[in-house]
Structure formats: C-alpha cells, structure tokens
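Residue numbering for the sequence shown follows our numbering, starting at 40 and increasing by one per position.
Notes to accompany the following structure.
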Amino acid sequence: MPDTPRHGSPTDDELGADRTDRNDFRESDAQPSSSRPWRSRRDATPAKKRSVLRETVIIVISVLVLTWILQTFIGRQYVIPSESMENTLHGCAGCTNDRIVIDKLSYRFGDPEPGDVVVFKGPTSSWDEGWTSPRSSNTIVRGLQDGLSWFGFAPPDENDLVKRVVAVGGQTVQCRNADKVGVTVNGKPLTEPYVDRALQQQDTTINPGLVDEQDGSTLNSCLGADFGPITIPKGNVWVMGDNRGNSADSRFHITDELRGTVPISDIRGKVRFIIYPFSRIGGVGSDNPQK
40 MPDTPRHGSP TDDELGADRT DRNDFRESDA QPSSSRPWRS RRDATPAKKR SVLRETVIIV
100 ISVLVLTWIL QTFIGRQYVI PSESMENTLH GCAGCTNDRI VIDKLSYRFG DPEPGDVVVF
160 KGPTSSWDEG WTSPRSSNTI VRGLQDGLSW FGFAPPDEND LVKRVVAVGG QTVQCRNADK
220 VGVTVNGKPL TEPYVDRALQ QQDTTINPGL VDEQDGSTLN SCLGADFGPI TIPKGNVWVM
280 GDNRGNSADS RFHITDELRG TVPISDIRGK VRFIIYPFSR IGGVGSDNPQ K
C-alpha cells in the first residue's frame, strides 16, 4: 500500500516553502540599516556631522594655503610705525597708523625706480637701533607667532621700514647746504613735491639741524646736514623719508658697511595702497624726483 500523508501533517512542498519564508525573513532582517526605507533621522545625524566637519576642515586649509601664497608671492600688509613718511603715509604714537599693502610682484620682474615707496628690512645692525623683536620669550608662544606670521596674522620677526627710493645703483647722491639747491643725483637737483616744507618748519622745534646756520630761522636746502658724495653700488638703492626732519634714513647710516645704501634683496615690496583708516583709503604714487 502506498504511503500517504497523515491527516493534518504538512507535505514536503509545504515544509520547503515554510523554510524558504523563514530564510527570506532572516536575510532581510540582517541587511544593513542603510537599505531600510524607514531609516530614522537619528541614524543619519552622525554622517551629517562628519560631512560638515570634513567640509569645514577643507575650507580652513584652503583659505590658509591661499593666504600663504598671497602673503609670500603677491603682497602683504604692514602698519606704518613712525612719522618718517608724513604726509604721504601717517604714523605716530597714539594715533591711527596707516595700514598699507605692498606689491611683491613688481620687483620679481624689475628693479626699484626713483620715486618708489618701498618696505625693506634693515640691512645692517645700524638700522636696528631702538628696534625690539615682536616675538615672545616663551618658546611655545614664539612658535605660534612664527606660524601666524606665515599667513600674515602676525608681523614678521624683522625690522621692516618704509622709505622712498631717491637714487639707484650706479648713481651718485649728495647734498651741500652751501650750494642751496638741495639733494642732487649725478649733479642734478631733485624735484620733490612730496616733501612738505610747512611740516619741516614745524620739525625745527625738535631738530635744529634743519635751520640755515647763517639765517637762523629759515630751512636749509638739505633739510639736514651735508652728506656725500656717495656712489650707490649696483643692486642697491638710496632711500630717504618724505619727512626729512624726522627720518633716520640712508643719511644716518653712511658709516656702516653699505654706506647707508639698501640692497634690493632686502626690499620686501612696493607700497601700492593705504587700506586703513577708511578716511585715507587710496593709492600711493611714485613721484620720480629725477624728472
């Protein structure tokens, strides 16, 4: 007699179908949560946070790299430290000193010319008299300041000054009050509209050397003591402040090894703009005094 299933017992086909249904349930239950259409907002939050953090880090790094490139190769801002370039650039103790931007590209493709206003590093120790490093004595803080300086958020650890180029390599500069013609380059008197003689008259109260010795009241033609003749070496320049009566420029460093001249390699860039205070925003021109 053939075997027949007992009443109420599942057939082999039913058992197989039941096993398949259970397996399908276990497999679907084991799938990662990312495949679930009912994924909760709480499940997505960590991924969103990681994404925002990653994007923020990328933005910050990109800005820092761009800033470093700009500060190193294109331009940089400086604060005018003194009154030596009045009235072209303002700077004094207790006032709102001009903030300027220099152009570093100009001297990568050419040399400074007479009349250019430039920022340069003091080339010899004689220029550093009265200067103190802006760096902290604390090693950690000093390292942080050095790092910030790379991106223009702190001043460089060097004595940077701003003056106007009056003569360049190969030229001879001098001044003799007895000649009553002022500063000459290669024997030709300079034309210097940027020198405010009314300001020089005010300076006589602190600098008697501006006064004509014979007259006793009027300004002398050199706006200071005699100097020169000095022939400037190739690759160097002679710089002077527009505020002649209050500027420790090339005239005051004639006794050093460079005779007061500044190597072009020490020039950080050409002054292009005043960016602060807002009332003085504008360009800084180059008035060639030799024309």
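Ideal Cβ placement from N, Cα and C applies to all residues, glycine included.
Quick one: grab the DSSP three-state call for residue i.
| i | result |
| --- | --- |
| ILE98 | helix |
| GLY324 | coil |
| ARG298 | coil |
| PHE343 | Lying outside 40 to 330, the shown extent of the chain, residue 343 is not represented and no answer is given. |
| ASP281 | coil |
| LEU258 | strand |
| PRO268 | strand |
| GLY114 | strand |
| VAL234 | coil |
| LYS87 | helix |
| ASP242 | helix |
| ASP305 | helix |
| ILE108 | helix |
By a C-beta neighbour count over all protein chains shown, 10 Å radius and 16 as the cutoff for buried, is residue i buried or exposed?
| i | result |
| --- | --- |
| SER256 | exposed |
| GLY169 | exposed |
| ASN327 | exposed |
| CYS214 | buried |
| THR230 | exposed |
| LEU183 | exposed |
| ILE119 | buried |
| LEU128 | buried |
Going by the beta-carbon positions, is the gap between residue i and residue j smaller than 9 Å?
| i | j | result |
| --- | --- | --- |
| SER286 | LYS202 | yes |
| MET124 | VAL205 | no |
| ILE293 | GLN116 | no |
| ASP265 | ALA217 | yes |
| SER304 | GLU152 | no |
| ASN275 | GLY226 | no |
| THR211 | PRO268 | yes |
| GLY186 | LEU144 | no |
| PRO302 | PRO162 | yes |
| GLY221 | PRO232 | no |
| ASP235 | ASN126 | yes |
| ASP199 | VAL310 | no |
Subject >> Those runs of the beta strand (DSSP E) which lie wholly inside the stretch 166-232 and span at least 3 residues >> reply: 199-207, 211-214
Subject >> the stretch 308-322 touching the stretch 170-182, judged by at least three CB pairs closer than 8 Å >> reply: no
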